[in-house]
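The opening residue of the sequence shown carries number 18 in the numbering used here; numbering runs sequentially from there. Beta carbons: idealized from backbone N, C-alpha and C, even for Gly. Heads up, the thing below is written out as structure tokens.
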Amino acid sequence: MQSDAYLALALFTVGVGVLLWFLFGGASVNRKQTLANLRRQLDKPAAAQAVSSSDRKNAGGLTASVVKAAPAPLMKTLNKLWAGAGRPENNTPERIVATMALLGLVGAAAGVLIARQVQPPLGLLMGVGVAALAFFYPMVRLHSAGATRKEAIKRQLPDTLDQMSIAVNAGLGFDAAMMRVAKNGKGELASELVRTLQDIQVGQTRRAAYEDLAARTGVETLHRFVRSIIQAEAYGIALSDVLQTQADELRLERRQYAERKAMEIPVKVVFPLILFIMPAMFIVVMGPGVIGIIHAFGGMG
18 MQSDAYLALA
28 LFTVGVGVLL
38 WFLFGGASVN
48 RKQTLANLRR
58 QLDKPAAAQA
68 VSSSDRKNAG
78 GLTASVVKAA
88 PAPLMKTLNK
98 LWAGAGRPEN
108 NTPERIVATM
118 ALLGLVGAAA
128 GVLIARQVQP
138 PLGLLMGVGV
148 AALAFFYPMV
158 RLHSAGATRK
168 EAIKRQLPDT
178 LDQMSIAVNA
188 GLGFDAAMMR
198 VAKNGKGELA
208 SELVRTLQDI
218 QVGQTRRAAY
228 EDLAARTGVE
238 TLHRFVRSII
248 QAEAYGIALS
258 DVLQTQADEL
268 RLERRQYAER
278 KAMEIPVKVV
288 FPLILFIMPA
298 MFIVVMGPGV
308 IGIIHAFGGM
318 G
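Written out as structure tokens, the structure is:
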């Protein structure tokens, strides 16, 4: 039993260390500084904007070994989730897969320890569950970051389209309007617009750059906007009208979404009300009376 206690303490220490390394370690890049660096690239010639990925791929020995052993579908999924989360430099796919391997080992050891302490089959199920949770935690966290980023882009898109519409009506071209909004704006959508302009400046076609923008973000409303822009350019439709129409539709959609969420609130409140609030209310209201009845019958006895 004492050896199991020491093993549990060691596993806890290793697990906490791995989590701290995953959450706070590595090249922690300030997002505002990164966005500022991206914006400065807009003023440079295309030849100076080629960004090498050697720093990200030049990982340490352990990380490189884990990445080589990782299945290709897993790395493809991690790269997709990483792109959806905005490509955070402190949580690259290589770093995440190494963290998953370390946490998986710690979780497996903890699962074995739990299986030894708890009677089967519950112990086996708990052990497998702990190992699976430990292994997939970095991926779940990355997915959550991507979902949060998508919601932020959805909120920022209508205002961004309004600004681009104003710039286009003032006489700027679409790319110039996008550059103006990207330089003056802030947030996740502004950084994606900067990335799109960089892709165009290094030789990518505008259509391909717009489609990559929609694919990177994974936001359906942005997909619709990109399709509208591509069709407008193909058929010669005024882009200012397209921008204004898209902004109005997105605002209407956002208002309808808020109304749907507001209508769901009463249903969501029912279960906490029944499970937590009403029992406490009954205890407060009826408790003194029940205690008085108990004392009365106790006195009669």
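- In terms of Cα proximity to A86, the closest of L120, T222, V114 is V114.
- Note on geometry: alpha-carbon atoms of G304 and M92 lie some 59 Å from one another.
- For T116, the enclosing alpha helix (DSSP H) has its first and last residue at 110-134.
- Shown here, L189 sits in coil according to DSSP, grouped into three states, outside any helix or strand.
- No residue range can be given for R104, since it is assigned to no alpha helix (DSSP H) and is classified by DSSP as neither H nor E.
- With contacts defined as CB atoms closer than 7 Å, A199 and M181 fail to qualify as a contacting pair.
- Residue Y227 holds the alpha-carbon nearest to the alpha-carbon of R241 among I300, V147, A207, Y227.
- For the options I294, V145, G202, the alpha carbon positioned closest to that of I131 is the one of V145.
- Counting every other CB atom within 10 Å of its CB across the protein chains shown gives R166 a total of 16 or more, marking it as buried.
- When the beta-carbon positions are compared, V185 and L239 stay at least 7 Å from each other.
- Rounded to the nearest whole angstrom, the C-alpha separation of L189 and A100 is 30 Å.
- For L256, the enclosing alpha helix (DSSP H) covers residues 256-289.
- Three or more pairs of CB atoms, one per stretch, sit closer than 8 Å, so the stretch 203-218 contacts the stretch 228-238.
- About 7 Å separates the beta carbons of L150 and G124, which is inside the 8 Å limit, making them a contact pair.
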